[in-house]
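Student:
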Amino acid sequence: MSGPEILGLSAAAAAAAIADGSLAAGELFELYRARAASDRAAGDDGLNCFTWVADEGAAGAGGVPVAVKDLFCTKGVPSQSGSRILQGYLPPYTATVVEKLEQAGSGVLAKTNQDEFAMGSSNENSAYGPVRNPWDRGRVPGGSSGGSAAAVAAGLAPWALGTDTGGSIRQPAALCGIVGLKPTYGSLSRYGMIAFASSLDQAGPLTRDVADAALMLGHMIGRDPCDSTSLQMPGPILAPSAESLSGLRLGVPRELTGDGVEQGVLESFRAALATAEQLGAEVHDVELPHAPHALSAYYVLAPAEASSNLARFDGVRYGMRAEDAQDLLEMYTRTRHDGFGPEVKRRIMLGTYALSSGYYDAFYGRAQRVRTKISQDFAAAFEQVDFILTPTAPSVAFKLGEKTGDPLAMYLNDFCTVPMSLAGIPAISIPSGLSGGLPVGLQIAGPAFSENGLLDAAHALELAIGFDSGAARV
Ligand code: GLN
Numbered sequence: 000m001s002g003p004e005i006l007g008l009s010a011a012a013a014a015a016a017i018a019d020g021s022l023a024a025g026e027l028f029e030l031y032r033a034r035a036a037s038d039r040a041a042g043d044d045g046l047n048c049f050t051w052v053a054d055e056g057a058a059g060a061g062g063v064p065v066a067v068k069d070l071f072c073t074k075g076v077p078s079q080s081g082s083r084i085l086q087g088y089l090p091p092y093t094a095t096v097v098e099k100l101e102q103a104g105s106g107v108l109a110k111t112n113q114d115e116f117a118m119g120s121s122n123e124n125s126a127y128g129p130v131r132n133p134w135d136r137g138r139v140p141g142g143s144s145g146g147s148a149a150a151v152a153a154g155l156a157p158w159a160l161g162t163d164t165g166g167s168i169r170q171p172a173a174l175c176g177i178v179g180l181k182p183t184y185g186s187l188s189r190y191g192m193i194a195f196a197s198s199l200d201q202a203g204p205l206t207r208d209v210a211d212a213a214l215m216l217g218h219m220i221g222r223d224p225c226d227s228t229s230l231q232m233p234g235p236i237l238a239p240s241a242e243s244l245s246g247l248r249l250g251v252p253r254e255l256t257g258d259g260v261e262q263g264v265l266e267s268f269r270a271a272l273a274t275a276e277q278l279g280a281e282v283h284d285v286e287l288p289h290a291p292h293a294l295s296a297y298y299v300l301a302p303a304e305a306s307s308n309l310a311r312f313d314g315v316r317y318g319m320r321a322e323d324a325q326d327l328l329e330m331y332t333r334t335r336h337d338g339f340g341p342e343v344k345r346r347i348m349l350g351t352y353a354l355s356s357g358y359y360d361a362f363y364g365r366a367q368r369v370r371t372k373i374s375q376d377f378a379a380a381f382e383q384v385d386f387i388l389t390p391t392a393p394s395v396a397f398k399l400g401e402k403t404g405d406p407l408a409m410y411l412n413d414f415c416t417v418p419m420s421l422a423g424i425p426a427i428s429i430p431s432g433l434s435g436g437l438p439v440g441l442q443i444a445g446p447a448f449s450e451n452g453l454l455d456a457a458h459a460l461e462l463a464i465g466f467d468s469g470a471a472r473v
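To convert, note that position 473 of the sequence shown is 472 in numbering that gives the first Met the number 0; the numbers rise steadily by one, no gaps.
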């Protein structure tokens, strides 16, 4: 096979070619490794997708190599979560999901750039510089898994691992024109994921197509004794094969498909609904009355959990330490002052305030009650429909710098994805088309553990939509 032929293979097709002997795993690894290394060497002239790339001669693991978001601990390999405070941190162990991928043959090709501690929607909060969108280098790739999304879209990695707390897999997948899946909370171990908000953080695949997402997910699921919130899925993840949606009832929530969503995104969304009907689905209105409050609840809960999780970065145990401090307190404060970026500090302050004594019930307690209401809304909706469809993000990729001065405008990017995160249910983003030459994402969400059905529905829609991502390849 020629280089361009190999690069044209999906991860599943490459795995099949390795299995039947028509492709050597070492050749596949080196081809992508060299591409990733040249992006890294290009610095600002490249996409800045990677914070680390495997050395030439690295063996791989006999299968399809994977790019891994920086916040997954990888033994002996820098794992910095996009933060200066973890610069040069070499974990003594590897995250469970990465270990499982390695066991399935996927060696770590590279670590991908991300927003600091996964806080962001544009990848502009990384201490290692912003990532660029391969569709338009003047625009953001989305975040926080922006490096993973851009790498897959540009063909610099066959597939990639990301994490999603409020949308960080789905939103960058949408802005980069690829597939991103946030599975049911708990279905993948969080052991070895550098924590942001533990009750929401979930790993998942960023891939070229839905079949690859199913394949990668299948390699990673399983209860892990090292993560007490991890769960056993009811059965294996199957390769999606559906070509029709006949018999399926799809719900469209008015609350997430109107105000605030860009015109071009809504047009692409409506076209996808028409396609779904042509494929045999029934489309119904559903109500998620509390969904408009999801962002407010999220921006209490996630910062509260973050303020607690990030207390461990004190200059003693990991990464950087401020030099020549006069005493211990000064060492703590200077390390955290120099090590954390502005968004992380903003969240630590918000979260610490929300949890402070006397305020707990007014903020954290109330946000938890909103979270329960949102879960109940979904449960009621799933009595009427099988899956819920929304746009993934309210806009296409925006310009670098466009929203950095306005945190609230940035937070609105997650308007459509946060409700599913709070409810812990699975949701996938697939490309639904282009608006102004930039990709638009379609989000499909289902009840907990509905991954096989969700992947099948996404696969049928993907086939019918026939999105062409060729323009993003470098
Ligand atoms: N953009 C959201 C935030 O900044 C979600 C991030 C994520 O899912 N990790 O918190």
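Each residue gets a CB set at the ideal place from its N, CA and C atoms; glycine is no exception.
Just checking residue 451 against the ligand GLN - is the residue's beta carbon closer than 7 Å to any of the ligand's heavy atoms?
Tutor: Incorrect: residue 451 has no Cβ contact closer than 7 Å to the ligand GLN.
Student: Which parts of the region 407-451 are runs of the beta strand (DSSP E), unbroken and 3 residues or longer, counting only runs that do not cross its ends?
Tutor: Within the region 407-451, the complete beta strand (DSSP E) runs of at least 3 residues are 426-434 and 437-444.
Student: So is residue 395 buried or exposed if we call it buried at 16+ other beta carbons inside 10 Å?
Tutor: By the neighbour-count rule (16 or more Cβ atoms within 10 Å), residue 395 is buried.
Student: What do you reckon, are the CB atoms on residue 205 and residue 168 nearer than 8 Å?
Tutor: Yes. Within cutoff.
Student: Here's a check: name, in chain order, each residue in its chain whose Cβ is nearer than 6 Å to the Cβ of residue 36, leaving out the five neighbours to either side.
Tutor: 52, listed in sequence order.
Student: Expressed to the nearest angstrom, what Euclidean distance is found between the alpha-carbon atoms of residue 373 and residue 424?
Tutor: Cα to Cα, the separation comes out at about 11 Å.
Student: Below 8 Å between beta carbons: does that hold for residue 220 and residue 80?
Tutor: Result no, Cβ atoms of residue 220 and residue 80 do not sit closer than 8 Å.
Student: When the Cα atoms are used, what is the spatial distance from residue 463 to residue 274?
Tutor: The straight-line gap from Cα to Cα measures roughly 7 Å.
Student: So the candidates are 301, 249, 380 and 324; which of them puts its Cα closest to the Cα of residue 349?
Tutor: Here the closest residue by C-alpha is 301.
Student: My understanding is that residue 94 touches residue 31, with C-beta atoms under 8 Å, so please give their C-beta distance in whole angstroms.
Tutor: In fact, because the Cβ distance is near 21 Å, the residues do not count as touching under 8 Å.
Student: Can you tell me whether residue 308 is helix, strand or coil according to DSSP?
Tutor: Three-state result, residue 308: helix.
Student: Following a CB-centred definition, is residue 163 positioned closer than 7 Å to any heavy atom of the ligand GLN?
Tutor: Under cutoff, so the answer is yes.
Student: Between residue 331 and residue 28, what straight-line distance do the alpha-carbon atoms span, to the nearest angstrom?
Tutor: When rounded, the distance between both Cα atoms is 42 Å.
Student: Compare the C-alpha of residue 343 against each of 126, 390 and 47 and name the closest.
Tutor: That would be 126, whose Cα lies nearest to the Cα of residue 343.
Student: Evaluate the contact criterion for the region 419-437 versus the region 380-399: three or more CB pairs, one atom per stretch, below 8 Å.
Tutor: Yes, the region 419-437 is in contact with the region 380-399.
Student: For residue 307 and residue 198, I'd like the C-alpha separation in whole angstroms.
Tutor: C-alpha separation (whole angstroms): 12 Å.
Student: Applying the criterion that 16 or more other CB atoms from any shown protein chain within 10 Å of the CB defines a buried residue, is residue 402 buried or exposed?
Tutor: Answer is buried; the Cβ neighbour count reaches 16.
Student: Do residue 161 and residue 147 have their C-beta atoms closer together than 8 Å?
Tutor: Closer than 8 Å, so yes.
Student: Less than 7 Å between the CB of residue 145 and some heavy atom of the ligand GLN, yes or no?
Tutor: False, no ligand heavy atom lies under 7 Å from that Cβ.
Student: Let's see if you can read the secondary structure: which residues bound the beta strand (DSSP E) around residue 99?
Tutor: No beta strand (DSSP E) holds residue 99; the alpha helix (DSSP H) holding it covers 95-102.
Student: Quick one: does residue 315 have its CB under 8 Å from some CB of chain B?
Tutor: Here there is only one protein chain, and chain B is not present.
Student: Is it right to say residue 184 is buried, meaning 16 or more other beta carbons lie within 10 angstroms of its own, or is it exposed?
Tutor: The residue is buried, with at least 16 neighbouring Cβ atoms inside 10 Å.
Student: The alpha helix (DSSP H) that contains residue 373, what's its start and end?
Tutor: Where residue 373 is concerned, the enclosing alpha helix (DSSP H) stretches over 365-383.
Student: Using a threshold of 8 Å, state whether the C-beta atoms of residue 458 and residue 369 are closer than that.
Tutor: In this structure, residue 369 does not lie closer than 8 Å to residue 458 by Cβ.
Student: Exposed or buried, what is residue 225 when buried is set at 16 or more other beta-carbons lying within 10 Å of its beta-carbon?
Tutor: By the neighbour-count rule (16 or more Cβ atoms within 10 Å), residue 225 is not buried but exposed.
Student: Any heavy atom of the ligand GLN closer than 7 Å to the CB of residue 120?
Tutor: Result yes, Cβ under 7 Å from the ligand GLN.
Student: Among 144, 363 and 122, which residue has its Cα nearest to the Cα of residue 138?
Tutor: With distances taken between Cα atoms, residue 138 lies closest to 122.
Student: What runs of the beta strand (DSSP E), each 3 residues or longer, lie entirely inside the region 179-259?
Tutor: Entirely contained in the region 179-259, the beta strand (DSSP E) runs reaching 3 residues are, in chain order, 201-206 and 248-252.
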